[in-house]
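*Asks:* Structure incoming, see below.
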Amino acid sequence: MSTVSLRGVEIAFGTFKVLDWLDLEIAQSEFLVLLGPSGCGKSTLLAAIAGLLEIDQGEIWIGGRNVTWEEPKDRGIAMVFQSYALYPRMSVRRNLSFGLQVAGMKRDEIDRRVTKAATMLQIGELLDRKPAELSGGQRQRVAIGRALVRDASVFLFDEPLSNLDAQLRAELRTEIKRLHGSLGATMIFVTHDQIEALTLADRIAVMKDRRIQQLGTPQEIYLKPANRFVATFVGSPAMSFVSGRIGEHGNFEASGWQLPLADYAFAAPPVRGATVDLGIRPEHVVLAPSDPHALPARVELVEPMGSDLLAWTRIGEAAISIRLPAETQVVAGDTLPLLFPPHRLNLFDAQGQRL
Amino acid sequence: MTAMAQPNGRRPKRLSAGRIGLYAFLVISALFFLTPLYVMLVTSLKPMSEIRTGNILALPAAPSLAAWNSAWSSACTGLQCNGIRVGFLNSIRILVPSVMASIMVGAVTGYALSFWRPRGAQLLFATLMVMAFIPYQVFIYPLVRMFSQAGIANSLLGIVVVHTIFGLPTMTLLFRNHFVALPIELFKAARVDGAGFWRIFIQIMLPMAVPIIVVAIILQVTGIWNDFILGLVFAGRENLPMTVQLNNIVNTTQGERTYNVDMAATLLTALVPLAVYFLSGRWFVRGIAAGAVKG
Ligand SMILES: Nc1ncnc2c1ncn2[C@@H]1O[C@H](COP(=O)(O)OP(=O)(O)O)[C@@H](O)[C@H]1O
Ligand SMILES: [Mg+2]
Chain A
16 MSTVSLRGVE
26 IAFGTFKVLD
36 WLDLEIAQSE
46 FLVLLGPSGC
56 GKSTLLAAIA
66 GLLEIDQGEI
76 WIGGRNVTWE
86 EPKDRGIAMV
96 FQSYALYPRM
106 SVRRNLSFGL
116 QVAGMKRDEI
126 DRRVTKAATM
136 LQIGELLDRK
146 PAELSGGQRQ
156 RVAIGRALVR
166 DASVFLFDEP
176 LSNLDAQLRA
186 ELRTEIKRLH
196 GSLGATMIFV
206 THDQIEALTL
216 ADRIAVMKDR
226 RIQQLGTPQE
236 IYLKPANRFV
246 ATFVGSPAMS
256 FVSGRIGEHG
266 NFEASGWQLP
276 LADYAFAAPP
286 VRGATVDLGI
296 RPEHVVLAPS
306 DPHALPARVE
316 LVEPMGSDLL
326 AWTRIGEAAI
336 SIRLPAETQV
346 VAGDTLPLLF
356 PPHRLNLFDA
366 QGQRL
Chain B
1158 MTAMAQPNGR
1168 RPKRLSAGRI
1178 GLYAFLVISA
1188 LFFLTPLYVM
1198 LVTSLKPMSE
1208 IRTGNILALP
1218 AAPSLAAWNS
1228 AWSSACTGLQ
1238 CNGIRVGFLN
1248 SIRILVPSVM
1258 ASIMVGAVTG
1268 YALSFWRPRG
1278 AQLLFATLMV
1288 MAFIPYQVFI
1298 YPLVRMFSQA
1308 GIANSLLGIV
1318 VVHTIFGLPT
1328 MTLLFRNHFV
1338 ALPIELFKAA
1348 RVDGAGFWRI
1358 FIQIMLPMAV
1368 PIIVVAIILQ
1378 VTGIWNDFIL
1388 GLVFAGRENL
1398 PMTVQLNNIV
1408 NTTQGERTYN
1418 VDMAATLLTA
1428 LVPLAVYFLS
1438 GRWFVRGIAA
1448 GAVKG
């Protein structure tokens, strides 16, 4: 229930700079996801917010307080780790109560909180077991419980679901979302899994190369990626890209075909003759059999995916993948008439920035 | 009567030439190491008359503990004739605090070096490693000077400090390697829970280090018990350990050499390390394995 704000934060390990002048404002009760490839500094940033790491530059404010130099325990945060990090020689109950005992809390208050957390997470029967006697999913529940009892106003999650199998991952994901709803706490969640990011986040911060590449709602990130990296990293199956240039009349010209861009919402007016990349997501391509403007695409491969079909096609040289309803009758060798709705297009300049 | 299934044909060969060679080698090695122990044991149970005339390998005609008794309580170590029990008690008084101090200091240093990495940690670690490889005789004279300046030369405290110092490299390395293998997130979780340096060490890290503590105890008990030179130089006349007293008994020059008493005294001196090995063999192996795959 606290705001978190990072002001000009820089972190370096020796001469190796991990985060470069990072500004980030996280609203009260917001669910913010830090998304990025492994090694981009997500854990480092989270550790800095937790106070487990000293920052070299800048300030960290939590709940309107400058906590840059405060100990982790004084920041009003709780944290859940990828490897669960349960204390192996302590029972589940002791794992949950350890932090409260350290804080010198009264016994009955500790018991009350432990019972409450255990009920919320359905780990009541596990309280007297040791971590080694739990499954991966149960361990992560206990780890979340250890964060819950702290009554923190900010929860930090460092890839908490990465070590779980797909089914448990989905289950705990919804559970975390439900907890967020009922606790109303601010949550910062680190992941390299775009599905997790899209399903959980109020806002996503996509990170790479020491900085935040884009900060926005899942919708914005998905539909209006700020650069080619974000466009590629988010979305599965991936966005298709076609290289070309802006023609005389403001059209997109690829080798052998072109596309009018009159209805594209340019962020800046396009430069005639500039080389650009056009990106479109598979599900945004429209099959238009009767439209005279449709471009003919040759189907090279069809992948049935259960709920739908993925067709890998080519228009001239350009490779375009399209998502079709599962019952579509299409085989390799067919020709499909395709339309690209202008408001679904993404144009990137030679530097990869969105146009 | 029901017909039993009978084995048919020639009995399969179990023992190949290679096997026989292997067993022969093992038996010879075992004899090589056990013969001295056997000789010491039988000799210690014989009276001097039998030793003078008999075969060294022969069993005692009338086994007697007289030599053991004398070694324990009346053999002469230099001028006093109170047996080796004085040394035994001294050794215990040196051993217990030295083992405890060296393990505690080593565990704390290893923990600090693995999780906290204070400023200068690299330098301290490098120094410890160098110390581990320099023959410790090099340090003796400077330490003697320092100790007499500090007023703890020739005292129990002095010898305990010396054992703690010389145990530091091995103990630190042992514990550091154990702690380094633990997931760092465990430590971070404890920090978030508000635990500090000592609480994390005592309540979380030490309980996970039990197998390593056992290994450390074994190493230090045998090492410190078997020490001779440090005890001789630093412990002082009153506190000479058992090994030094044993040497005095065995090397007394007057009179006839009492082999049976010497042997008994030697066996008595070896008793503690032997007991440690026998009692802890399983733990020792388990501790090493646990250190490799983490507890
Ligand atoms: N203690 C450290 N010392 C030196 N480099 C580190 C340390 N921790 C992380 N790094 C480096 O910082 C970068 C970011 O690491 P991290 O924040 O763990 O990435 P992520 O969580 O996004 O996968 C990586 O290149 C990593 O190698
Ligand atoms: Mg990480």
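Order-wise, the sequence lines are chains A and B. For the first sequence, our numbering assigns the number 16 to the initial residue and increments by one for each residue that follows. For the second sequence, our numbering assigns the number 1158 to the initial residue and increments by one for each residue that follows. Virtual Cβ for every residue (Gly too), placed ideally from N, Cα, C.
(1) Can you tell me which of A:Q209, A:F256 and A:I227 puts its alpha carbon nearest to the alpha carbon of P233 (chain A)?
(2) Buried or exposed: which applies to Q366 (chain A), given that a residue is buried once 16 or more other Cβ atoms fall within 10 Å of its Cβ?
(3) Mind pulling the alpha helix (DSSP H) runs of 4 or more residues that sit fully within the region 1190-1268 of chain B?
(4) Does chain B have any CB closer than 8 Å to the CB of T30 (chain A)?
(5) Taking the beta carbon of F46 (chain A) as the centre, do at least 16 other beta carbons fall within 10 Å, making it buried, or is it exposed?
(6) Kindly give me the distance between the Cβ atoms of L293 (chain A) and F267 (chain A), rounded to whole angstroms, as I take these residues to be in contact under 8 Å.
(7) Compute every distance between the C-beta of K57 (chain A) and the non-hydrogen atoms of ligand 2, then say whether any falls below 7 Å.
(8) According to DSSP, W272 (chain A) sits in a beta bridge with which residue or residues?
(9) With three or more C-beta pairs closer than 8 Å as the rule, is the region 1334-1348 of chain B touching the region 1429-1437 of chain B?
(10) If we ignore side chains and look at the alpha-carbon of each, how far apart do F172 (chain A) and M202 (chain A) end up?
(11) Thinking C-alpha only, which one of A:R226, A:Q228 and A:H195 is nearest D217 (chain A)?
(12) For the putative contact between M20 (chain A) and S168 (chain A), defined by C-beta atoms under 8 Å, what is the C-beta separation to the nearest angstrom?
(13) How big is the Cα-Cα spacing for K1451 (chain B) and A147 (chain A)?
(14) Mind pulling the chain B residues with CB within less than 9 Å of S132 (chain A)?
(15) Let me check understanding here. Comparing Cα to Cα, which of B:V1371, B:N1396 and B:T1200 lies closest to I1309 (chain B)?
(16) For D349 (chain A), which option in A:L316, A:G321 and A:S322 has the closest C-alpha, if you only look at C-alpha atoms?
(17) Going by the DSSP bridge assignment, what does G6 (chain A) pair with across the sheet?
(18) I want to check one thing, is the minimum distance from the CB of F113 (chain A) to the heavy atoms of ligand 1 below 7 Å?
(19) Which residues share a DSSP beta bridge with V257 (chain A)?
(20) Would you check if the distance between the CB atom of V117 (chain A) and the CB atom of I159 (chain A) is smaller than 8 Å?
(21) Does K1345 (chain B) come within less than 8 Å of chain A when only Cβ atoms are used?
(22) Could you give the DSSP three-state label for A220 (chain A): helix, strand or coil?
(23) Identify the contact partners of P1340 (chain B) in chain A, using a Cβ-Cβ distance below 7 Å as the criterion.
(24) Three-state secondary structure (DSSP) at D306 (chain A)?
(25) Assign E332 (chain A) to one of three DSSP states: helix, strand, or coil.
(26) At the 8 Å Cβ level, is G114 (chain A) part of the contact set with chain B, yes or no?
(27) Would you report the Cα separation of A347 (chain A) and W272 (chain A), rounded to the nearest angstrom?
(28) Please confirm whether A1278 (chain B) has its beta-carbon closer than 8 Å to some beta-carbon of chain A.
(29) Hey, does E154 (chain A) have any beta-carbon neighbour from chain B nearer than 8 Å?
*Replies:* In short, the structure shows the following:
(1) The residue given as residue 233 (chain A) occupies position 218 in the first sequence. Considering only alpha carbons, the answer is A:Q209.
(2) The sequence position of residue 366 (chain A) within the first sequence is 351, counting from 1. With fewer than 16 other beta carbons inside 10 angstroms of its own, Q366 (chain A) counts as exposed.
(3) 1205-1210, 1223-1230 and 1242-1268
(4) Within the first sequence, numbered from 1, the residue matching residue 30 (chain A) stands at position 15. Not one chain B Cβ lies under 8 Å of T30 (chain A).
(5) On the first sequence, residue 46 (chain A) is found 31 positions in, with the first residue counted as 1. In summary, F46 (chain A) is buried, with 16 or more beta-carbon neighbours lying within 10 Å of its beta-carbon over all protein chains present.
(6) Counted from its first residue, the first sequence places residue 293 (chain A) at position 278. Counted from its first residue, the first sequence places residue 267 (chain A) at position 252. Rounded, the Cβ-Cβ distance is 6 Å, consistent with contact.
(7) Taking the first residue of the first sequence as position 1, residue 57 (chain A) is located at position 42. Distances between the C-beta of K57 (chain A) and the heavy atoms of ligand 2 include at least one below 7 Å.
(8) Counting from 1 along the first sequence, the entry for residue 272 (chain A) is found at position 257. According to DSSP, W272 (chain A) bridges with A:A269.
(9) no
(10) Position 157 of the first sequence, counting from 1, holds the residue named residue 172 (chain A). Position 187 of the first sequence, counting from 1, holds the residue named residue 202 (chain A). So the alpha carbons of these two residues sit roughly 8 Å apart.
(11) Position 202 of the first sequence, counted from the first residue, corresponds to residue 217 (chain A). The residue with the shortest Cα to Cα distance from D217 (chain A) is A:H195.
(12) By 1-based counting over the first sequence, the position of residue 20 (chain A) is 5. By 1-based counting over the first sequence, the position of residue 168 (chain A) is 153. Note that residue 20 (chain A) is Ser in the sequence shown here, rather than Met. That belief does not hold up - the Cβ atoms of S20 (chain A) and S168 (chain A) are roughly 14 Å apart, past 8 Å.
(13) Position 294 of the second sequence, counting from 1, holds the residue named residue 1451 (chain B). Position 132 of the first sequence, counting from 1, holds the residue named residue 147 (chain A). Confidence in K1451 (chain B) is poor, its pLDDT being 35 and thus under 50, which makes the residue's placement unreliable; the coordinate value appears in the next sentence. Annotation: K1451 (chain B) to A147 (chain A) spans about 13 Å, alpha carbon to alpha carbon.
(14) Looking up residue 132 (chain A) in the first sequence gives position 117. Residue identity check: residue 132 (chain A) is Ala in the sequence provided, not Ser. Per Cβ cutoff of 9 Å: no residues; A132 (chain A) is ~14 Å from chain B at best.
(15) Within the second sequence, numbered from 1, the residue matching residue 1309 (chain B) stands at position 152. Per the Cα distances, B:N1396.
(16) The residue you call residue 349 (chain A) lines up with position 334 of the first sequence. Nearest C-alpha to D349 (chain A): A:L316.
(17) Because residue 6 (chain A) is not part of the residues shown, which for chain A are 16 to 370, the question remains open.
(18) Position 98 of the first sequence, counted from the first residue, corresponds to residue 113 (chain A). Shortest gap from the CB of F113 (chain A) to any heavy atom of ligand 1: 7 Å or more.
(19) Reading the first sequence from its first residue, position 242 is the one you call residue 257 (chain A). Beta-bridge pairing links V257 (chain A) to A:L293.
(20) Residue mapping note: residue 117 (chain A) aligns to position 102 of the first sequence, counting from 1. Residue mapping note: residue 159 (chain A) aligns to position 144 of the first sequence, counting from 1. Contact: no.
(21) The residue given as residue 1345 (chain B) occupies position 188 in the second sequence. It does: the Cβ of K1345 (chain B) has a partner Cβ on chain A nearer than 8 Å.
(22) Looking up residue 220 (chain A) in the first sequence gives position 205. If DSSP states are grouped into helix, strand and coil, A220 (chain A) belongs with the strands.
(23) Translated into positions along the second sequence, residue 1340 (chain B) becomes position 183. Under the 7 Å cutoff, chain A gives S98 and A100.
(24) Start at 1 with the first residue of the first sequence, and residue 306 (chain A) comes out as number 291. Coil at D306 (chain A), not helix or strand.
(25) Position 317 of the first sequence, counted from the start, is the residue given in the question as residue 332 (chain A). Here E332 (chain A) sits in coil by DSSP.
(26) Counted from its first residue, the first sequence places residue 114 (chain A) at position 99. The beta carbon of G114 (chain A) falls within 8 Å of a beta carbon belonging to chain B, placing the residue at that interface.
(27) For the purposes of this step, residue 347 (chain A) is identified with residue 332 of the first sequence, where counting begins at 1. For the purposes of this step, residue 272 (chain A) is identified with residue 257 of the first sequence, where counting begins at 1. Approximately 22 Å between the Cα atoms of the pair.
(28) Stepping through the second sequence from its first residue, residue 1278 (chain B) is reached at position 121. No, A1278 (chain B) does not count as interfacial toward chain A.
(29) Here residue 154 (chain A) corresponds to residue number 139 of the first sequence, with the count starting at 1. Reading the sequence as shown, one finds Arg at residue 154 (chain A) and not Glu. When Cβ-Cβ separations below 8 Å define contact, R154 (chain A) makes no contact with chain B.
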